[in-house]
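Residue 1 is where the sequence shown starts when you use the UniProt record's numbering, and the numbers rise one by one after that.
The beta carbon of each residue, even a glycine, is placed where N, CA and C say it ideally should be.
What follows is one structure encoded as structure tokens, with my remarks underneath.
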Amino acid sequence: MDMFNKLTTLFQQALETREPSENLLDSFVDHWKGITNYYIETTDEAQPVKQTDIPWRLKQMLDILVYEEREQDVEETGPCMEYLLQHKLLETLCTLGKAQYPPGMSQQVLLFFSKLLAQIQKPMLHVINVYRPVQKLIRLCGLPDSQTEKEESLFFFSICSRVKKDPYVLNYILETNKEGQPQRCSSMSGESVEGASGGSSPEDSASPSTQSTNQPDVGFIRILVQLGKSQKSRVALRAMESVLLLTSIPQVDISKLLAEETPLCDLLVERACELYGAIPVTLHPEDIHSYTVKQWRIRFSPGSAEETQTFPAQEHVDRFFCWLDYCDQLIKDAPEVLAVKLASALHQQWLTGIVQPQLLQMSEVGVLVHTALLSRCVHHIRSAVLLHELAHFLLGGDTHREQPTATLPHSHVLRYHLIKHCDHISDEISVATLRLFEELLMKPDKLILTNLVLRNLETRSYRLPGSGGVDERSGADPEFLEESEEMEEDPFFTDSEFSGSERLLSMSREDRKSSARPQIAETVNSFLCLVPQEAKTSQHAQGAGYDTYVHDALTSLKECSAVSADWGWPDAPKPIGVHADSVEFYEGHFLKVLLDRIARILEQPYELNLQVTSVLSRLAAFPHPHLHEYLLDPYVSLSPGTRSLFSTLVRVIGELMQRIQHIPDFTQRLVTVRKQLTGLEEQTVVDHGILLKGVIVLEEFCKELAAIAFVKLPMGDQEHLSAP
């Protein structure tokens with residue numbers, strides 16, 4: 001009742017105020033008096049506001065203000081706006097909203113403030129009689145079990161839209177006192193004076209915004225993030241859009257304010273951790289692997305909630321990846337200082353704090369699910385800053401040459417374990433981890449290739465000392481040509497049995513001798529000739545012709561070239577240094593595991609073999625001369641105890657030749673298995689099934705490598721080959 005008496009007194013004073021008799025102003029004042037009269041005359045305090053004329057009068061007042069501004073000179077403030085400011089109408093409305101009298105008044109006040117901020121074009125949030133009630137209204141939002149979420153989200157969106165236009169006013173919204181900025185303004189022009197009505201009230205002097213503190217009130221940010229968690233999709237979407245408006249402001253001081261003086265980054269990461277923790281470990285890894293991450297706004301589009309779930313608990317996966325995509329876009333659009341702060345917070349709190357313990361746990365089920373989830377995260381992340389943090393989380397920042405004896409604690413803990421997982425006792429974990437590395441190799445971050453592979457090939461110590469290099473033998477080296485001719489005459493490397501599309505890559509000895517770089521052309525045939533004829537079955541499979549491989553290899557090469565375009569890679573191999581002879585070669589943990597796996601290709605499950613060869617094919621497609629030499633040059637003279645991809649494949653073929661002798665009807669069984677894999681025959685149990693599937697993968701892999709070598713040939717060399 002005390003509050004009601006105070007309001008009555010306030011409105012009686014307002015009614016006694018004499019105003020100019022301009023028609024527009026008269027109308028504006030009449031509508032305001034109509035609102036104040038309601039509080040003086042009404043006796044029914046329970047009547048909802050929508051059953052009164054208050055909403056209509058507020059709308060009329062807003063229309064008058066908008067019309068007045070449109071008709072006024074740009075530099076002038078109209079009499080109606082001056083009346084609103086001088087008589088602190090917004091303060092009064094804020095008090096009415098807080099009192100919720102009549103019931104539902106808070107919604108009407110929030111709507112009026114939102115529309116006023118959205119429709120008035122002149123800057124106004126710097127004016128004390130605007131930003132002070134806005135501050136007070138903000139404090140009334142975000143209450144538990146709020147019935148005004150929709151209006152609150154609109155109000156906050158209107159504020160953020162104004163801040164986007166006039167970034168400096170964010171200081172007023174966050175209630176931080178910055179030296180040299182006006183704190184009291186008498187008009188819309190922003191002129192600084194002692195008080196908007198001729199003096200400051202006791203309430204004004206006690207306001208946090210005028211006290212000698214630089215610490216902002218961060219309630220605005222907390223409420224905004226809280227609204228982003230709303231179950232009402234329209235409310236959550238509008239709140240998330242509001243945060244994006246703030247974080248995309250390009251001014252560095254605003255970005256630093258949000259990053260360093262508000263809990264924005266911590267709140268966003270806290271939400272990511274919460275949603276990630278809600279994903280159950282009962283998910284099937286294949287469901288995660290095939291999961292398509294959607295752009296975060298799509299989740300709030302009409303009809304998205306009615307989409308059928310393709311696997312159990314997909315709703316939890318959707319929520320997390322929606323939020324991750326949102327954070328990714330925020331980092332991508334934000335200035336560097338804010339982007340780095342948020343990405344770093346995700347690294348420390350989410351990746352290191354939550355994901356890493358899950359990847360290092362003893363439970364194979366948990367490791368499998370979290371590896372698959374992380375693989376999807378890597379696949380979807382687009383922002384360079386977040387990707388760099390993710391790469392550092394997974395691999396560390398080391399770029400110096402690895403040592404074969406390096407173990408924990410000298411290695412980056414997670415990198416060490418993930419590479420070990422590629423050769424895990426569980427084939428499923430090996431496949432999932434290899435997929436994770438394949439996703440990494442598709443991302444445009446130089447650290448990934450350098451850390452995993454290139455730092456160990458830097459000195460080219462895999463070459464036999466004094467053997468020269470590809471760059472040193474660009475002419476027709478007689479010894480090299482003789483070696484090539486001898487290899488061609490070797491029945492193991494003969495191409496006399498090739499037919500169809502494979503024959504397209506064969507070329508005469510005269511052509512090889514006239515080629516500027518014959519060893520590259522030889523490479524293509526060397527890989528094609530590697531698998532013995534009795535182990536070739538691709539002619540029995542539709543779409544397995546060599547032209548398909550060349551097309552895929554060209555696509556892969558273009559992707560890898562685009563990814564690495566700005567990395568400053570050399571066009572030719574680095575000259576071997578003076579001390580290179582004394583450097584013992586070690587391919588590094590990652591390549592070692594891959595080559596170990598290829599060496600066991602005849603003994604491993606089909607899915608695992610496909611994944612290993614896929615990762616190696618991706619590496620081979622990168623246009624780095626050292627990678628090309630180590631993975632695609634069959635003729636490189638290796639230093640003692642060193643293996644290359646080609647030498648490893650040669651040993652596998654030697655083992656295969658021995659096993660073939662002990663398997664009756666080997667070729668026929670191989671054809672049967674290929675037809676089963678391609679769906680041409682029903683699946684049945686075939687003796688030596690793992691071996692036969694391994695042979696099929698081996699044949700396909702050699703064709704992939706030959707195709708990659710072909711598309712990486714200089715145009716001068718390709719002219720000496722019959723193009724497929």
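Once the 5 residues before and after residue i are set aside, which same chain residues still bring their CB inside 7 Å of it?
i: Ile601; result: Asn609, Val652, Gly694, Val697, Leu698
i: Val281; result: Val365, Gly366, Val369
i: Trp567; result: Lys446
i: Leu554; result: Val711
i: Thr52; result: Tyr38, Pro102
To the nearest angstrom, how far is it from the Cα of residue i to the Cα of residue j?
i: Glu483; j: Thr523; result: Residue placement at Glu483 is flagged as unreliable, the pLDDT there being 41, under the threshold of 50; a coordinate-derived value is accordingly withheld.
i: Pro570; j: His370; result: 37 Å
i: Glu428; j: Val413; result: 21 Å
i: Leu692; j: Thr405; result: 36 Å
i: Ile221; j: Ser161; result: 15 Å
i: Ile660; j: Asp398; result: 44 Å
i: Ile419; j: His589; result: 7 Å
i: Lys232; j: Ile298; result: 14 Å
i: Leu227; j: Thr247; result: 16 Å
i: Ala709; j: Leu670; result: 27 Å
i: Tyr172; j: Lys165; result: 14 Å
i: Lys59; j: Glu241; result: 26 Å
i: Phe585; j: Lys703; result: 28 Å
i: Arg415; j: Phe437; result: 11 Å
i: Tyr39; j: Leu93; result: 12 Å
i: Met61; j: Cys273; result: 46 Å
i: Ser526; j: Ser411; result: 37 Å
i: Pro465; j: Pro357; result: 44 Å
i: Ser230; j: Trp296; result: 15 Å
i: Gly679; j: Asp423; result: 30 Å
i: Met81; j: Ile138; result: 22 Å
i: Glu489; j: Cys529; result: Unreliable positioning characterises Glu489 in this predicted model, as indicated by a pLDDT of 41, which lies under 50. The coordinate reading is nonetheless provided below. Taking the straight line joining both Cα atoms gives about 12 Å.
i: Thr433; j: Phe156; result: 43 Å
i: Tyr276; j: Arg319; result: 9 Å
i: Leu632; j: Asp596; result: 17 Å
i: residue 736; j: Gly142; result: Nothing about residue 736 can be reported from this structure: the residues present for the chain run from 1 to 724 only.
i: Val355; j: Leu591; result: 25 Å
i: Ala599; j: Gln309; result: 41 Å
Report the three-state DSSP secondary structure of residue i (helix, strand or coil).
i: Arg382; result: coil
i: Leu143; result: coil
i: Arg463; result: strand
i: Leu713; result: coil
i: Gln72; result: coil
i: Met442; result: coil
i: His662; result: coil
i: Asp596; result: helix
i: Gln539; result: helix
i: Phe646; result: helix
i: Ile254; result: helix
i: Ile159; result: helix
i: Phe701; result: helix
i: Pro570; result: coil
i: His289; result: helix
i: Cys422; result: coil
Taking all protein chains shown into account, decide if residue i is buried (16 or more other Cβ within 10 angstroms of its Cβ) or exposed.
i: Val163; result: buried
i: Thr352; result: exposed
i: Trp56; result: exposed
i: Arg460; result: buried
i: Met105; result: buried
Residues in the same chain with beta-carbon distance under 8 Å from residue i, minus the five sequence neighbours each way, listed in chain order, please.
i: His380; result: Val293, Phe321, Leu324, Asp325, Asp328
i: Val225; result: Ala239, Val243, Leu264, Leu267, Leu268, Arg271
i: His347; result: Glu389, Leu390, His392, Phe393
Excluding the 5 residues flanking residue i on each side, which residues of the same chain have their C-beta closer than 6 Å to its C-beta?
i: Ala339; result: Ile331, Val385
i: Asp552; result: none
i: Ser158; result: Ser114, Leu117, Ala118
i: Tyr606; result: Lys693
i: Leu457; result: His626, Tyr630
i: Ser435; result: In the sequence under discussion, the amino acid at residue 435 is Arg, which differs from the Ser named in the question. Closer than 6 Å at the Cβ level, and outside the excluded window around Arg435, lie Ser375.
i: Pro133; result: Leu90, Glu91, Cys94
Can you find a CB in chain B that lies within less than 8 Å of the CB of residue i?
i: Lys122; result: Protein chain content of the structure displayed is limited to a single chain, and chain B is not contained in it.
May I ask you to list the residues that DSSP assigns as paired with residue i?
i: Leu638; result: Arg463
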